[in-house]
Amino acid sequence: TPRFGYLLRLGFESIGAQYASIELLRKAKKGQTTEHEYWTLWRLLHDLVLVVLADFQVDSREMERMNDVETLESELRDPQLHALQMELVRFYLYEWGFVCTAFYSETVRPSSQVLLLALAWLLAFSTFFERQQQYILEVCVDITTCFCIN
C-alpha cells in the first residue's frame with residue numbers, strides 16, 4: 008500500500024507542483040523552514056487555490072512549465088508577488104471557511120505550521136485526493152506493472 012507521503016507527492020505532481028517535497032512539509036511541521044521554503048509553502052497554497060478555482064481542470068504540464076526552476080526561483084524572491092499571492096490565498100480560504108486567526112494576522116506573519124494547517128485544510132476542503140485519484144491510480148498501476156514485467 009502506498010504511504011501517505013507518496014500519495015501527497017503524486018497529488019502535487021498531478022497539478023504540476025513538483026517543487027513541493029515531503030521534506031518541505033516535514034520542516035514546516037517542525038517550524039524549521041528557511042525563508043525560501045517558507046515562500047515555497049505560500050506558492051503551493053497559491054497554486055492549489057488556483058487549481059480549486061479552476062475546478063481541477065488544469066494542464067499539469069502547463070503548471071509545471073510555469074513552475075520551472077528558473078521561474079520559481081525568481082518568483083520566490085519577489086516581495087510584491089508574495090503580497091499578491093498571500094492576499095489571494097487569504098481571501099479565498101476565508102471565503103471557503105478556513106478559520107485560523109494566526110493565518111490572517113497582518114502584524115505577525117503566520118508560522119510554517121499555520122501554513123501547513125492551511126494546506127491540510129485546503130486539501131480536505133477541496134476533496135483533493137478524490138479529484139486527483141484517476142491520475143494517482145494510473146501512476147501507481149504503471150509503476151506496479153513495470154515491477155511485474157521485470
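Position 129 of the sequence shown, counted from 1, bears residue number 136 in the numbering used here, the numbering being contiguous throughout. Note that beta-carbon positions come from the ideal geometry of N, C-alpha and C, so glycine has one too. Computed from a prediction, not measured in an experiment: that's the story for all the values here.
| Asked | Found |
| --- | --- |
| Collapsed DSSP secondary structure at Y45 in the structure displayed | helix |
| DSSP-derived helix/strand/coil call for L83 | coil |
| Q64 burial status per 10 Å Cβ neighbour count (16 or more: buried) | exposed |
| Cα-Cα separation, L55 to L129 | 8 Å |
| Minimum C-alpha distance to L60 - residue among I22, T47 and V76 | I22 |
| Coil, strand or helix - V106 by DSSP | coil |
| Beta-carbon proximity list for V96, same chain, < 8 Å, skipping 5 on both sides | W49, L52, H53, V56 and A125 |
| Reduced DSSP category for S112 - H, G, I as helix; E, B as strand; rest coil | coil |
| Per-residue burial, N157 [other beta carbons within 10 Å of its own, 16 or more giving buried] | In this prediction, N157 has a pLDDT of 44, which is less than 50 and means its spatial position is unreliable; nothing more can be read from the coordinates. |
| Own chain residues within Cβ distance below 6 Å of Q92, not counting five before or after | W49 and H53 |
| Integer Cβ distance of H43 from L83, believed to fall under 8 Å | 6 Å |
| Spatially closest choice to E77 from V146, L32 and Y26, by CA coordinates | Y26 |
| As assigned by DSSP and simplified to three states, the class of G23 | coil |
| Endpoints, the alpha helix (DSSP H) within which S119 is located | S119 to F132 |
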